[in-house]
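First to last, the protein sequences are chains A and B. For the first sequence, this note's numbering begins at 1 and goes up steadily by one. For the second sequence, this note's numbering begins at 1 and goes up steadily by one. C-beta: ideal position from N, C-alpha, C; glycine also. Model, not experiment: these values are computed from the prediction.
2 protein chains.
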Amino acid sequence: MKNTIKVERAKQNITQGELAEKANVSRQTINAIELGKFIPSTLLALKIARIFGTTVEQLFTLEPHDE
Amino acid sequence: MKNTIKVERAKQNITQGELAEKANVSRQTINAIELGKFIPSTLLALKIARIFGTTVEQLFTLEPHDE
DNA sequence: TCTTTTTGTAAAGTATACTTTACTTTTATG
DNA sequence: CATAAAAGTAAAGTATACTTTACAAAAAGA
Numbered sequence: 001m002k003n004t005i006k007v008e009r010a011k012q013n014i015t016q017g018e019l020a021e022k023a024n025v026s027r028q029t030i031n032a033i034e035l036g037k038f039i040p041s042t043l044l045a046l047k048i049a050r051i052f053g054t055t056v057e058q059l060f061t062l063e064p065h066d067e
Numbered sequence: 001m002k003n004t005i006k007v008e009r010a011k012q013n014i015t016q017g018e019l020a021e022k023a024n025v026s027r028q029t030i031n032a033i034e035l036g037k038f039i040p041s042t043l044l045a046l047k048i049a050r051i052f053g054t055t056v057e058q059l060f061t062l063e064p065h066d067e
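And the structure:
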C-alpha cells in the first residue's frame with residue numbers, strides 16, 4: 001500500500017511535525033507512515049484525510065500485492 | 001468511530017464469514033469490527049470498502065469524541 | 001559557511017489489531 | 001418444535017501500530 005501524504009504536505013506546506021500535532025500522534029508515526037514502514041489505523045487515516053480535505057482512498061491506495 | 005458494515009452486509013446479503021473470507025481475515029475480526037470492539041487497519045478498511053463498492057468514509061465515520 | 005529546521009533512524013516499551021480454538025446464544029428454516 | 005446456520009463471546013497468543021527518547025543526516029535559510 002502506498003500513500004501520498006508527503007505530496008499533500010507539500011501542497012499545504014506543512015511539516016511532519018505539524019501534521020503530527022494536528023492528528024494527535026507523534027512525528028515519528030507520521031514519518032513511518034509516510035515511508036511505508038507501517039499502515040495506520042482507520043481512525044488515523046480518516047483524521048489525516050480530513051486534515052488535508054481529501055479522502056482515505058485518495059490518500060492511500062492498495063497495490064496489486066495487497067490483493 | 002462507528003461503521004455501517006452490518007448494513008452493507010445486509011444489502012449484499014452476505015454473512016460475517018463470507019465477508020471475512022473475501023477480506024482474508026477471520027470471522028471474529030469482522031465480528032469485532034462490526035461491534036466496535038476495535039478499529040481495523042487502513043488496509044482492511046480499504047479492502048472492505050472495495051468489497052462493498054463503497055468508500056472508507058461512507059463505511060467508517062469519525063464521531064465527536066474521536067475529535 | 002554557520003545555524004536552524006526538518007527529516008530519517010533506532011531501540012525499548014505499551015497498546016491494540018488480528019488469529020486460533022472453542023463454546024454459547026441467537027436467528028433462520030424445515 | 002427441531003435442527004442448522006449465523007452471530008456473539010472469551011481467552012491465549014502473535015503481529016504490528018504507536019510512543020518516547022535520543023541522535024544523525026539532510027535540507028533550508030541567514
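Query: Would you verify that the beta carbon of F60 (chain B) is, or is not, closer than 8 Å to some beta carbon of chain A?; Result: yes
Query: I'd like to know whether the C-beta of T55 (chain B) is nearer than 8 Å to at least one C-beta of chain A.; Result: yes
Query: Beta-carbon separation of F60 (chain A) and N3 (chain A) under 8 Å?; Result: yes
Query: Are there 16 or more other CB atoms within 10 angstroms of the CB of A10 (chain B), so buried, or fewer, so exposed?; Result: exposed
Query: Taking 8 Å as the CB-CB cut-off, is A23 (chain A) touching chain B?; Result: no
Query: Output, in chain order, the set of chain B residues within a Cβ distance shorter than 7 Å of L43 (chain A).; Result: M1, I39 and D66
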